[in-house]
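Here is the structure we will look at, set down as structure tokens.
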Amino acid sequence: MKEEKLEKLLTELADATTEPVSPGLAEAIKHQIPQPLMPSKSSTGTINIIIDLRINRLAAAAIIIVTTALFLNFLGSRDSPNDGLYKESKLLIKYCLGVGDSGRSNLLNDFEQHLINRGTEVVCYGDSIPPDDSHALLMHWKLADGKYKVIFGNYREETVTAEELIELQAQMLQKK
Amino acid sequence: MYYQQIYLFMRRLGHSRQVSEDLTQESFIQAWQHIGQLREAKSLSGWLYRIAANISKLYWRRHKLKKAVSLEEFDVPGNRQSEPDNLEHSEQLTLLKKAVAQLPMKFRQVLTLHYLQHLTIAEAAEAAGIRQGTFKSRLNRAVTALKNQIVAESGE
Numbered sequence: 060m061k062e063e064k065l066e067k068l069l070t071e072l073a074d075a076t077t078e079p080v081s082p083g084l085a086e087a088i089k090h091q092i093p094q095p096l097m098p099s100k101s102s103t104g105t106i107n108i109i110i111d112l113r114i115n116r117l118a119a120a121a122i123i124i125v126t127t128a129l130f131l132n133f134l135g136s137r138d139s140p141n142d143g144l145y146k147e148s149k150l151l152i153k154y155c156l157g158v159g160d161s162g163r164s165n166l167l168n169d170f171e172q173h174l175i176n177r178g179t180e181v182v183c184y185g186d187s188i189p190p191d192d193s194h195a196l197l198m199h200w201k202l203a204d205g206k207y208k209v210i211f212g213n214y215r216e217e218t219v220t221a222e223e224l225i226e227l228q229a230q231m232l233q234k235k
Numbered sequence: 013m014y015y016q017q018i019y020l021f022m023r024r025l026g027h028s029r030q031v032s033e034d035l036t037q038e039s040f041i042q043a044w045q046h047i048g049q050l051r052e053a054k055s056l057s058g059w060l061y062r063i064a065a066n067i068s069k070l071y072w073r074r075h076k077l078k079k080a081v082s083l084e085e086f087d088v089p090g091n092r093q094s095e096p097d098n099l100e101h102s103e104q105l106t107l108l109k110k111a112v113a114q115l116p117m118k119f120r121q122v123l124t125l126h127y128l129q130h131l132t133i134a135e136a137a138e139a140a141g142i143r144q145g146t147f148k149s150r151l152n153r154a155v156t157a158l159k160n161q162i163v164a165e166s167g168e
């Protein structure tokens with residue numbers, strides 16, 4: 060058998076070996092996904108993913124894209140590219156890439172409100188912090204053990220002591 | 013949709029329907045847990061398949077005595093060609109199915125990734141966890157092995 064014909068037959072074999080997938084499989088997969096990682100239609104859910112996973116902004120952007128793509132593609136969601144999840148992801152990517160100040164401001168406000176609703180006393184340093192500034196403080200809040208969680212302009216996060224937080228704040232003031 | 017593709021991939025690697033469903037679920041759970049390792053969204057397909065391929069390999073290692081399901085056991089409604097001029101074509105496909113099923117898993121995998129799952133060489137190489145040059149070489153050897161197997165099958 061000639062190689063060309065064999066390759067053609069192999070490609071046809073794909074159709075010959077296609078079978079319907081059990082309808083419950085998608086649901087079964089969805090139930091296995093940990094709830095905190097489920098993309099939600101609110102911005103706070105998206106930012107929560109970033110914070111919970113403790114990753115830098117570019118990786119976060121990639122994860123949001125993939126998360127959205129995975130859910131919309133592999134589970135056959137009815138969301139269209141113009142709806143919630145895609146919009147949210149694009150907005151977040153714009154923020155991460157330093158484009159679109161209004162989106163960034165909305166995200167920060169939403170996240171701040173989310174933390175406040177959770178009973179966390181959060182301090183925001185305003186949305187004038189450049190998104191690529193890895194040393195400028197974006198926000199901070201106190202943890203149960205007395206230390207502080209700080210988020211920098213590039214979404215990098217660290218856990219610091221009170222003294223270290225004061226040092227970071229002093230550095231920011233000196234730059235101004 | 014990805015979950016359908018991964019399921020069919022598992023079936024074409026010789027797993028039964030139930031096992032294929034289980035391994036598909038496992039693939040996506042692993043994907044979620046290791047999603048931070050994904051470098052670029054555009055390589056999602058190859059990355060997912062790689063996870064699936066590793067899970068399949070692990071399954072076969074744990075279940076060495078289990079027999080791979082032949083591609084002939086695929087229940088494909090409407091695949092029977094009744095007209096005489098399609099009979100030869102149908103027989104060729106049947107022969108091909110048998111031959112693929114007899115190949116070593118290494119060859120069956122590369123053939124499945126590229127020809128049956130329609131992955132590009134780049135995606136398929138990533139899925140197989142090897143460089144593109146190595147993948148092409150293995151694919152060529154797989155096609156040669158397949159041709160020899162077809163000759164052996166048709167001679168029976």
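Just so you know, the protein sequences line up as chains A and B, in that order.
Under the working numbering, think of the first position of the first sequence as 60, with each following residue one higher.
Under the working numbering, think of the first position of the second sequence as 13, with each following residue one higher.
Glycine residues also receive a C-beta, built at the ideal position from the N, C-alpha and C atoms.
In the same chain as residue 207(A), and ignoring 5 residues on each side of it, the C-beta atoms closer than 6 Å to its own belong to 199, 201, 219, 224, in chain order. In the displayed model, residue 131(B) falls within coil according to three-state DSSP, outside both helix and strand. Look at residue 107(B): its C-beta is not under 7 Å from any C-beta on chain A. Contact note: residue 71(A) reaches chain B through 105, using a C-beta cutoff of 8 Å and chain order. As computed with DSSP, residue 198(A) is found in a beta bridge with 183(A), 210(A). Scanning chain A for C-beta atoms nearer than 9 Å to the C-beta of residue 151(B) yields nothing, as the closest lies near 10 Å away. For residue 155(B), the enclosing alpha helix (DSSP H) starts and ends at 144 to 166. In the three-state reduction of the DSSP assignment, residue 76(A) falls in the coil class. In the structure shown, residue 218(A) falls within a strand segment according to DSSP collapsed to helix, strand and coil. For residue 84(A), the secondary structure class from DSSP, reduced to helix, strand or coil, is helix.
Judged by DSSP in its simplified three-state form, residue 203(A) adopts coil rather than helix or strand.
Residue 66(A) reaches chain B at 127, 155, counting residues in chain order whose Cβ is nearer than 8 Å.
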